[in-house]
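Count along the sequence shown from 1, then add 21; that gives the number in the numbering used here.
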Amino acid sequence: MDKEHSYVTVGRGILFNVQLNGLPEAVVAFLAAFYFLDVDYPKCHEIVTAHACASLCCNRDWVAVIYDDKWWPGTVDSTDDEITVSFMKPVAKNKFIWHQDSNGKGLTQMLCQQQTFWQSWKRSQYRPEALEAVGGVSRNSENSVDELNDHLDEDHEVAVNLEMDSDMCVSDEEEGQPLLKRMNSLPPRKQRKKARAPPVFPKKWLSNPKYKEWLRYDVQHNTMWCDFCRSNKICGVWAEQGTQNFRKKTLLVHMASNDHARFALARNPAQSTVVKTREKMKKQEARSYKSALRTVYWISSEEIPNCKYPSLLQFQREQGVKDIIQMNRGKNCKKESPESFHELLHSLSEVFLRKMLNHLNSSPFIGLGIDESTDRSQEKHIAAVVRYVDSNETKIKTSFLKLSVITSGTAPAIVEAVKKILGDFSIPVNKLTGLGIDGASVMASDMNGVLGLLQRENPFLIGIHCINHRLHLAVSKAAKDIKNVNTLSTILSTIYQHVNNSPNRLQKFKNLADVLGAINHDNAPEEGNENIAPSLKYLKFKRIFDIRWLSVGEAVKAVIHNYQPLLILLEEEAANDEPTSMGLLEKLSSYKYVALLHLLGDVVGATNHLCRIFQYRDISFSTLQSQLPIFVETLQDMKNQPGKFLQMFLECVEEGSDEIIFEGVHLKTNPHRNERMNQLEEFETDRQAFIDALANNITSRFPNVQLLSAFQIFDPSAYPENPQQLAGWGYDHLKNLLDFYGEPKRLENQVIQALVKPEAAEEEFLFFKRLVYQNRGEDRNENEQLKFCFYKPQELFTKLFGGGNVDNKMIYPQIYKLMVLTLTTMPSNAEAERVFSVQNRVKTKLRTRLGINILDELVRVSYSKTSGESLDLDTALAIFNEKPHRWY
């Protein structure tokens, strides 16, 4: 054997390689045996040779042997198939031993204290398998014993110092035998005990306050694990597969680990964690954003310029509004920039838009109204409004859709803009039922106008000329056809320009009104106050606008009420040869013009009342059919009986021999030059002619279109009083509707299917009439008296198909379609005019730089007229947080 190395094969074929460095070889076998023992480390045993006593201390990483009053320190390197022990040069006992690590990267300090680790080696701890493996031989192999005895000569015979009982002492016959023979002669070790039962987990730990927050038990795999470590994805048995080492010491060691202690501290409710702090910041941020949203909504709804947003925020901070104060992020981040305002405004606009889009997608059909206008910056805009079915409330609603720029006022440009708007909201053209337009040829022409171009894609589209435009045109044409009435219109315009365009003249007029006892209209009681005569009220003179339907009536009313101070003013200025005053005085002191002025007040008063009815947001054709005959009858009565203003004029007239006095003014009755009739006869002639012309114009501009008149089958007031007449009633109107909506339409090379099934609709109509008759109306309180009132078609629609009657949509599917088709068709385009009114109030002369996108959102928010309490701020905040923002 090499004197420098010793090789011994131990259990499971592991090669034990020892670099002796001066140690006796006898130590090697026992060193290998002890290393292979499965006992606790460090191990200390005492080995006695024939010449000296050696003490052994070892563990998995290092080994130390005391022999001949010297220390032999060594390092242990182990692999799967070899264990290498390298002894260093011996040093003095009881000193620090320094040796280099096996990887050569550092030094390990070892203090070997012999007395501390000494212990007796007991036979019961010795494994025969280790001895059996020494030298690679078995216990019963004599050849192996001989080989080992040859290897271990008498000088190196090893004896083990044992603390043994009397029955384990070595006999005299065995004393001279070699060590291995003596060990082989020992009685076999007792059989091992059976495998222990699996460990039992103490379930009381789960309720222990120390462990219950983090300790978890897996019944299926009989393991315990840490919830803190697993939730934070830490590597180790406590976070992955768990452990079966059910000892309290195991829990205490894990609790003392750095990772567990850190996670437990983070979950301590008494400590403000990063997560809780962030949640608190988010809640405060949300409150601040909602306050900013309310501020932006108030500015937009009140149509105040956006530039007031920073000053309004500063005012709120000075007033101590905490949410606004905490909205700041440093001195340079106050969220007052125009970009911040626009982002908040966009969120508010999206709230109204998305809510409407949900209803547009679910509505079977949609009515569209369009109108074009030019804003303050001479930019052409088109406004689109829609009428649809609100699926949540089963109501017919009219809403603003979009404001868009058009390149020109031609029909193709308008159609292109309309298609782009419909495409932005995913509304197909074939879903439109009616198109509300004004009477301009570029809109109403069924050849190359907007209506004609859209009908090429949707043949079921009906073009509706706005009833307010038609009424205004009917009155204007009747006034132009009668010479004196047309002259009176010019007089009204001249009075406004003559008085209001001169501050000195206007002030002189106000002074005259005060002297005569007139009361400033701004400080006067309401118009219904009977204590003040109408003629004594001071009203501002109004300008007549061709595009404003009610302007004529307001201008006439102002001149009638201010007649006396106006005539005095004109007389004073005419005395100074002021030409305009002289001309106006000549006209206003003539009987026929003053009488026509009062007649026009009665007629225009009736037309203005009808115009206001037609401007209702959700007006239907049934209202048109019922109100027009009443208006025509009222006009016919004015031919024979004077109205309110004319009656007042006739009662105040004092007839003399040659003149008539009205409010102290002498009215001329003689015929003017080149006129044969006197002015009284001329007035009567103009009165009859004007009323007849107006009635004829109304009849011609509102023809009894069969398709539109057929809509009355959904008007409860049109149903017969006797229920026995219901069986045959209404089929002629239903036929007119089915002829249009129930027949396929041919469009170029394709056929468009019918919207309604005629046979099914006729079958449903018989039962539907009975349902309408049973729900015709209700008793309502009017002037503290109960009065039966018929439902309007929109109210009937909600009554029959909403609430608990939703099943009627499936019972009468074809009638439901017909009713939606008729009610979504817009008879008036007043809603588009309202949009332009909002636009002109928002985009003033000082705000002409507003872009179309910001203008569209400002108009939408102002148009909504939603109260601050019902504003959906949570949805607006969610929309605002959909994309990251940089605050300024």
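The beta-carbon is built from N, C-alpha and C at its ideal position, and this holds for glycine as well.
| Item | Value |
| --- | --- |
| Beta-carbon proximity check, Ala775 vs Pro765, cutoff 8 Å | yes |
| Nearest-angstrom Cβ-Cβ length linking Val406 and Val856, presumed shorter than 8 Å | 7 Å |
| Supposed close pair Ala627, Thr655 - CB separation, criterion 8 Å | 5 Å |
| Given Thr644 as reference, the closest of Lys864, Glu816, Asn874 and Leu605 once Cα atoms are compared | Glu816 |
| Nearest-angstrom beta carbon gap, Val450 and Val463 [assumed within contact, 8 Å] | Not a contact, Cβ separation roughly 19 Å. |
| Cβ contact (3+ pairs, closer than 8 Å) linking the stretch 419-437 and the stretch 797-816 | no |
| Beta-ladder partner(s) of Ser732, from DSSP | It should be noted that the sequence gives Phe, not Ser, for residue 732. In DSSP, Phe732 forms no bridge with anything. |
| Residue nearest to Asn382 in terms of C-alpha spacing, selected from Gly390, Pro779, Ser358 and Asn413 | Asn413 |
| Candidates Ser361, Ala277, Ala313 and Ser394, of which the one nearest Leu894 by Cα | Ala313 |
| Spatial neighbours of Thr428 in its chain, beta-carbon cut-off 6 Å, leaving aside the 5 residues before and after | Ala434 |
| Asp639 to Arg564 span [Cα, whole Å] | 29 Å |
| Met847 to Thr706 span [Cα, whole Å] | 39 Å |
| Complete beta strand (DSSP E) runs within the stretch 313-387 (minimum length 3 residues, chain order) | none |
| Leu273 beta carbon less than 8 Å from that of Tyr232 | no |
| Buried versus exposed, by CB contacts within 10 Å (16 or more), Trp319 | exposed |
| Through-space distance from Trp93 to Val181, alpha-carbon basis | In this prediction, Val181 scores a pLDDT of 31, lower than 50, which makes its location untrustworthy; no coordinate-derived value is stated. |
| Where the alpha helix (DSSP H) through Thr15 begins and ends | Absent from the model: residue 15. The displayed extent of the chain is 22 to 909, so no value can be given. |
| Runs of beta strand (DSSP E) wholly within the stretch 460-507 (minimum 3 residues, chain order) | 483-486 |
| Distance CB(Leu482)-CB(Val436) smaller than 8 Å | no |
| Uninterrupted alpha helix (DSSP H) stretches inside the stretch 809-858 (no shorter than 4 residues) | 814-822, 829-832 and 834-844 |
| Which of helix, strand or coil DSSP assigns to Trp92 | strand |
| Gly798 - partner residues in DSSP beta bridges | Phe811 |
| Nearest candidate by alpha-carbon position, reference Met245, set Pro223, Ser252, Cys256 and Asn489 | Pro223 |
| Cβ-Cβ distance between Gln646 and Ser730 below 8 Å | yes |
| Residue nearest to Phe530 in terms of C-alpha spacing, selected from Leu560, Asn505 and Pro586 | Pro586 |
| Arg408 (DSSP reduced to helix, strand or coil) | strand |
| Neighbour-count burial assignment, Gly889, 16 or more Cβ in a 10 Å radius | exposed |
| Segment limits, alpha helix (DSSP H) that includes Ile589 | Tyr584 to Ala596 |
| Val317 to Leu424 span [Cα, whole Å] | 20 Å |
| Nearest-angstrom Cα separation, counted from Glu364 out to Pro905 | 11 Å |
| Distance CB(Ala438)-CB(Ile403) smaller than 8 Å | yes |
| Nearest-angstrom Cβ-Cβ length linking Ile719 and Lys660, presumed shorter than 8 Å | Actually they are not in contact, since the Cβ atoms of Ile719 and Lys660 sit about 14 Å apart, beyond 8 Å. |
| Residue range of the beta strand (DSSP E) that includes Leu649 | Looking at the DSSP string, Leu649 is not in any beta strand (DSSP E); the run it does join, the alpha helix (DSSP H), is Phe642 to Asn661. |
| Spatial distance of Leu374 from Gly460 (CA atoms) | 30 Å |
| DSSP beta-bridge partners of Leu767 | Correcting the residue type first, residue 767 is Arg in the shown sequence and not Leu. According to DSSP, which records beta bridges pairwise, Arg767 is partnered with Val772. |
| Cα-Cα separation, Ala534 to Ile512 | 21 Å |
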